[in-house]
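I have placed the structure first, in the form of structure tokens, so that the comments after it can refer back to it.
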Amino acid sequence: MSITKVTQHPTQNEELIFDRSQTGRIGYCLPKLDVEETNLDEILPAELRRTDDLAGVPEVSEVDVIRHFTRMSTWNFSIDLGMYPLGSCTMKYNSRLNEKVARIGGFANLHPLAPESEAQGALELIYKLQEDLAEITGLPGVSLQP
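Read in order, the letters of the sequence shown are residues 1273 to 1418 in the numbering used here.
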């Protein structure tokens, strides 16, 4: 098996995680076993057990894995990091304030099938927003339906 690193941008010269591998390095720390140890062969059918030795899986520390994938995550485009000039509904700009308001418990935790009597605050907000948007735009009415 051959893995080729492609360099497309100066900031994308990230070493492959395989290149960071060092034999014997462990990337996890399991808590002390608090149950009786069981032989895997007794509880797991043979057809479900791994037969290879995981050859080729990189042996890296947890910190190396976190740093590697955190650096790689900066390669992804985000509307927080740059301009996206198209009007795509999947990349629309939602300000942080709007996101914060949308997470307010009374709205975020309101069940879609909640009784009308328990949803009056949300219904009032929706109604007032529709009315305000209609007035601002000069339209006879506005719908907030997706």
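Just so you know, even glycine gets a beta-carbon here, dropped at the ideal spot from N, CA and C.
- Counting C-beta pairs closer than 8 angstroms gives three or more between the stretch 1329-1337 and the stretch 1295-1315, which meets the contact rule.
- Just so you know, the alpha carbons of residue 1380 and residue 1417 end up roughly 17 angstroms apart.
- Put simply, the stretch 1342-1351 does not touch the stretch 1301-1308. Fewer than three CB pairs are less than 8 angstroms apart.
- In this structure, the beta-carbon distance from residue 1340 to residue 1286 falls below 9 angstroms.
- The criterion of a C-beta distance shorter than 9 angstroms is satisfied by residue 1388 and residue 1395.
- If you check the CB distance, residue 1393 and residue 1378 come in under 9 angstroms.
- DSSP, reduced to helix, strand and coil, places residue 1297 outside both helices and strands of the structure shown, so it counts as coil.
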